[in-house]
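Okay, so here's the structure we're looking at.
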Amino acid sequence: MARLVLTFLAFAGLLLSSCQVAGPAASTSGAWKKGYDDASAKYASKPGWNQAPSVPGKPVYAQTTYSSVSVSQPCVAMTFDDGPHPSNTPRLLDMLKQRNIKATFFVVGTNSQAYPQILRRMIAEGHEIANHTWTHANITTLSTDALRRELRDSADAITKATGVTPTLFRPPYGATTANIKALIKSEFGYPSIIWSVDPEDWKRPGVQVVADRLVAGARPGGILLAHDIHKPTIDAMPSALDRLLAKGFQFVTVSQLIALGQKGGATAP
Ligand code: NI
Numbered sequence: 000m001a002r003l004v005l006t007f008l009a010f011a012g013l014l015l016s017s018c019q020v021a022g023p024a025a026s027t028s029g030a031w032k033k034g035y036d037d038a039s040a041k042y043a044s045k046p047g048w049n050q051a052p053s054v055p056g057k058p059v060y061a062q063t064t065y066s067s068v069s070v071s072q073p074c075v076a077m078t079f080d081d082g083p084h085p086s087n088t089p090r091l092l093d094m095l096k097q098r099n100i101k102a103t104f105f106v107v108g109t110n111s112q113a114y115p116q117i118l119r120r121m122i123a124e125g126h127e128i129a130n131h132t133w134t135h136a137n138i139t140t141l142s143t144d145a146l147r148r149e150l151r152d153s154a155d156a157i158t159k160a161t162g163v164t165p166t167l168f169r170p171p172y173g174a175t176t177a178n179i180k181a182l183i184k185s186e187f188g189y190p191s192i193i194w195s196v197d198p199e200d201w202k203r204p205g206v207q208v209v210a211d212r213l214v215a216g217a218r219p220g221g222i223l224l225a226h227d228i229h230k231p232t233i234d235a236m237p238s239a240l241d242r243l244l245a246k247g248f249q250f251v252t253v254s255q256l257i258a259l260g261q262k263g264g265a266t267a268p
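Its first residue numbered 0, the sequence shown is counted upward by one per residue in numbering that gives the first Met the number 0.
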């Protein structure tokens, strides 16, 4: 009997400790799938493209906003904003690759246009790319048409570079309103992704402080914010990532984290 109980506990522990989530059934129609298939064919011959993960169907998001996700597993999403940057982002990608960590990049459209090869590397290495406007605008100051342009142009640059259409959005500065979030969700399908841990790395408080704040703030289901355009932030990542791994955290992309929450039925609609 004791052995049976132990076996059961080990099995349950195995289930709970995994951040794997089965994707929804792959969609067989629609522009999103077509864009991905086209891109697969287009980049099939590019080095590294064969490392691209299988992509599930276009996700459906229950909520208009996420700052964290209620999950039972020790999973977190590391997010990097405002890039890509020509030297800092590739250095960060090397660090992530060494640790087999998947992250989410909220890219600025003008930078996507300037460095499309970095976006292609992100996708080839299993990361998620998300929309962070074309010019890093404060969207609360824009007309509705200007807001639409900011999101559409940024999405177009990502799709043009990678063939993958983003499904998530983060408002620059976290500045948004309930009305804007509702409009973006209904017109673009994007939930607005905020964060649960902000190390304020853009204020450059020091490498150790950035790492300490990320590690201290991490909780299961957390969305951690950092900026891959700042060299000291990249310098902080080996310590931050290794300490989070040592604490038992597993890294997933934001869309994977949301899927884990929805799978558990733990998120409110
Ligand atoms: Ni930003």
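Yeah, the Cβ is synthetic: ideal placement off N, Cα and C, and Gly gets one too.
Closest by C-alpha distance to residue i, when choosing among the options
i    : options                : result
S71  : H226, V251, P219       : P219
M77  : F248, K262, T64        : F248
Q203 : F250, H126, T140, I228 : The question names Gln, but residue 203 is Arg in the sequence shown. The shortest C-alpha separation from R203 is found at I228.
P198 : A61, E186, A239        : A239
A235 : C18, A154, Q261, D200  : D200
D211 : K180, T158, P237       : P237
H84  : I233, K262, V251, F250 : I233
L150 : Q255, E186, N178, I122 : E186
Y60  : M121, F250, I179, K184 : K184
Alpha carbon of residue i to alpha carbon of residue j, nearest angstrom
i    : j    : result
A258 : A113 : 32 Å
A265 : S66  : Low confidence applies here, because A265 scores a pLDDT of 43, under 50, leaving its location unreliable; read the following figure in that light. Straight-line Cα distance between these residues: approximately 14 Å.
V231 : L91  : Checking the sequence shown, residue 231 turns out to be Pro, not Val. Looking at the two C-alpha atoms, the distance is approximately 11 Å.
K41  : G205 : Residue confidence for K41 is low, a pLDDT of 40 falling below 50, so the modelled location carries little weight and cannot support an answer.
N99  : T63  : 30 Å
T143 : D93  : 39 Å
P165 : Y189 : 8 Å
A154 : P58  : 16 Å
H226 : S86  : 13 Å
S17  : G221 : 16 Å
A217 : R119 : 29 Å
F79  : I128 : 10 Å
I179 : L141 : 10 Å
D152 : L244 : 36 Å
CB of residue i within 7 Å of CB of residue j, strictly
i    : j    : result
G82  : A156 : no
I193 : G173 : yes
V196 : L223 : yes
A145 : S111 : no
V269 : R242 : The requested residue 269 does not occur in the structure, where the chain is confined to residues 0 to 268.
K101 : G125 : yes
I117 : T158 : no
For residue j and residue i, believed in contact at Cβ under 8 Å, the rounded distance
i    : j    : result
L182 : N130 : Contact flag wrong, Cβ pair sits at about 14 Å.
V75  : G260 : Not confirmed; about 12 Å, so no contact.
F105 : R147 : Not really, about 18 Å apart at Cβ, beyond 8 Å.
D139 : T103 : Position check: residue 139 holds Thr in this sequence, whereas Asp was assumed. About 23 Å; that fails the 8 Å criterion.
P171 : A123 : Not quite, the Cβ-Cβ distance comes to about 27 Å (not below 8 Å), so this is no contact.
**Every unbroken alpha helix (DSSP H) within the region 54–136, with a cutoff of 4 residues, ordered by chain** = For the region 54–136, the continuous alpha helix (DSSP H) assignments of 4+ residues that do not extend past its boundaries occur at 87–97, 108–113, 115–123, in sequence order.
**Prompt:** Which runs of the beta strand (DSSP E), 3 residues or longer, sit entirely within the region 127–205?
**Reply:** Restricting attention to beta strand (DSSP E) runs no shorter than 3 residues, the region 127–205 encloses them at 127–130, ordered along the chain.
**Message:** Runs of 4 residues minimum, wholly inside the region 204–254: which ones carry the alpha helix (DSSP H) assignment?
**Reply:** The qualifying runs are 206–216, 230–245.
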